[in-house]
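Asker: When we follow this note's numbering, the leftmost residue of the sequence shown carries the number 24, and every step to the right adds one.
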Amino acid sequence: MDATKGNIYAILNGNKQFLIPVYQRYYSWDLAQCQFERISSI
Numbered sequence: 024m025d026a027t028k029g030n031i032y033a034i035l036n037g038n039k040q041f042l043i044p045v046y047q048r049y050y051s052w053d054l055a056q057c058q059f060e061r062i063s064s065i
């Protein structure tokens, strides 16, 4: 996978398909894990 610079609009706009590997599909976040304080502490 190659990384490139881009803006968020270009990333989220358009006809794209994001593939999530099987080993990551089983993880799910609840609201508690999505709090900004928790994410910023990582």
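In this text, a Cβ means the ideal position worked out from N, Cα and C, and glycines have one as well.
Can you give me the C-alpha to C-alpha distance between residue 54 and residue 46, rounded to a whole angstrom?
Answerer: Cα to Cα, the separation comes out at about 22 Å.
Asker: Note down the Cα distance separating residue 30 from residue 60, rounded to an integer number of angstroms.
Answerer: 24 Å
Asker: Classify residue 55 as helix, strand or coil using the three-state DSSP reduction.
Answerer: helix
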